[in-house]
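Below: the structure, in structure tokens.
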Amino acid sequence: MGFGLLFIGYFVATLMSINMIGPFIRVIGYGIVCIATAKLSNYNRYFRLVQIASVIMILVSLLLSVSTVTDFLYNELLISKNIFDSLYKAVIGHVESVLSFLFGTVMLYAIRSIAVETEDSKIAINSIRNFVFMCIYMALYIVTCLPFTYTNYFGIPTLLAQFTYIILNLILLFMCYTRICDESDVDMKRKPSRFAFVNKMRAELDKREQQALESQAQYNEEKRRKKEARKKKKK
Numbered sequence: 176m177g178f179g180l181l182f183i184g185y186f187v188a189t190l191m192s193i194n195m196i197g198p199f200i201r202v203i204g205y206g207i208v209c210i211a212t213a214k215l216s217n218y219n220r221y222f223r224l225v226q227i228a229s230v231i232m233i234l235v236s237l238l239l240s241v242s243t244v245t246d247f248l249y250n251e252l253l254i255s256k257n258i259f260d261s262l263y264k265a266v267i268g269h270v271e272s273v274l275s276f277l278f279g280t281v282m283l284y285a286i287r288s289i290a291v292e293t294e295d296s297k298i299a300i301n302s303i304r305n306f307v308f309m310c311i312y313m314a315l316y317i318v319t320c321l322p323f324t325y326t327n328y329f330g331i332p333t334l335l336a337q338f339t340y341i342i343l344n345l346i347l348l349f350m351c352y353t354r355i356c357d358e359s360d361v362d363m364k365r366k367p368s369r370f371a372f373v374n375k376m377r378a379e380l381d382k383r384e385q386q387a388l389e390s391q392a393q394y395n396e397e398k399r400r401k402k403e404a405r406k407k408k409k410k
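Quick note on my numbering: the sequence shown kicks off at 176 and runs consecutively.
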């Protein structure tokens with residue numbers, strides 16, 4: 176359907192881009208997201224909005240990439256003018272953070288929409304939970320931008336909140352990949368992934384789902400027996 180690509184693209188655009196060449200990696204990540212949402216938009220129209228948001232994020236990441244290159248040429252090789260001053264780069268950084276929040280909001284809304292359509296209440300509820308964590312992160316981020324001395328203490332909590340919602344979103348996307356599929360793929364055997372950690376996550380998820388089904392079946396059987404026992408006593 177496209178959730179596998181969306182998971183990979185989001186992973187590349189978030190966790191893999193936390194380094195010196197982050198803007199370049201985010202261009203690749205959001206490019207994969209754009210391809211994935213093009214496929215998913217065939218099943219739910221709100222993924223078209225996610226695709227538009229990913230294009231915007233690509234443009235912002237390209238702008239930051241140009242800033243990174245000019246900084247390197249100016250500071251290390253001294254062969255270029257520093258066309259981006261510190262204030263301009265700070266503004267671009269804040270704009271990217273706000274747009275990233277909006278991108279995540281649109282993505283979670285699209286996921287909730289398709290989860291409601293497929294009657295998967297767990298994914299629908301988890302998408303709302305993730306949005307709450309994103310709002311907590313954004314609130315902390317805004318506090319860190321305020322021109323007060325005490326805001327320095329909010330740096331680590333903000334970073335932890337960011338990692339938390341990113342991990343939760345990745346788990347949610349993996350759930351979408353394993354639980355939501357096209358009708359034509361329902362009876363198809365799942366192919367093993369080339370990534371060992373993905374296979375381990377699948378196996379663990381399948382194990383938990385099987386345990387839940389067995390527990391539910393046992394509960395229903397006990398409930399049926401008690402009901403039959405009460406009927407016999409009445410007779």
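We put the beta carbon where it would ideally sit given N, CA and C, even for glycine.
8 angstroms contact criterion, which PHE199 and LEU348 should meet: CB distance rounded: That pair is no contact at about 22 angstroms.
Exposed unless 16 or more other CB atoms sit within 10 angstroms - verdict on ARG383: Exposed.
Supposed contact pair ILE286 and CYS351 - C-beta distance, whole angstroms, cut 8 angstroms: 6 angstroms
Segment contact flag, the stretch 386 to 401 with the stretch 325 to 341, C-beta cutoff 8 angstroms, min 3 pairs: Taking a cut-off of 8 angstroms on C-beta distances, the stretch 386 to 401 does not touch the stretch 325 to 341, as fewer than three cross pairs fall below it.
Sub-8 angstroms separation of LEU237 and VAL202 beta-carbons: Inclusion of LEU237 and VAL202 in the CB contact set at 8 angstroms is warranted, their separation being smaller than that value.
TYR312 burial status per 10 Å Cβ neighbour count (16 or more: buried): buried
Buried versus exposed, by CB contacts within 10 Å (16 or more), ALA314: Exposed is the label assigned to ALA314, since fewer than 16 other Cβ atoms lie within 10 Å of its Cβ.
Between the CA atoms of ALA387 and THR245 - distance to the nearest angstrom: 55 angstroms
MET350, enclosing alpha helix (DSSP H) - first and last residue: 330 to 354
Run of the alpha helix (DSSP H) containing LEU181, from where it starts to where it stops: In the DSSP assignment, LEU181 falls within the alpha helix (DSSP H) that extends over 178 to 188.
Which listed residue (ASN194, ILE207, LEU190) has its alpha carbon closest to that of PHE178: ILE207
Where ALA290 falls, given that 16 or more other Cβ within 10 Å makes a residue buried: By the neighbour-count rule (16 or more Cβ atoms within 10 Å), ALA290 is buried.
Proximity test, Cβ basis, 8 angstroms: ALA290 and chain D: Protein chains in the displayed structure number just one, and chain D is not present.
Residue from SER242, ASN344, ARG405, LEU335 with nearest C-alpha to LEU262: SER242
First and last residue of the uninterrupted alpha helix (DSSP H) at MET309: Segment 296 to 320, the alpha helix (DSSP H) holding MET309.
LYS297 to SER240 span [Cα, whole Å]: LYS297 and SER240 have their C-alpha atoms some 38 angstroms from each other.
Pairwise C-alpha distance: GLU403 and LEU274: 59 angstroms
Limits of the unbroken alpha helix (DSSP H) element including TYR205: 197 to 215
Neighbourhood of VAL270 by C-beta, 6 angstroms cutoff - its chain only, sequence neighbours within 5 removed: none
7 angstroms Cβ shell around THR293 - same chain, five flanking residues per side excluded: ILE355
DSSP-derived helix/strand/coil call for ASN395: It is helical.
Of the listed residues LEU215, ILE231, LYS375, PHE276, nearest to ASN344 (C-alpha basis): PHE276
For VAL281 and VAL225, the rounded distance between their alpha carbons: 6 angstroms
Contacts around GLY330, its chain only, beta-carbon distance under 8 angstroms, and the 5 residues preceding and following it disregarded: THR319
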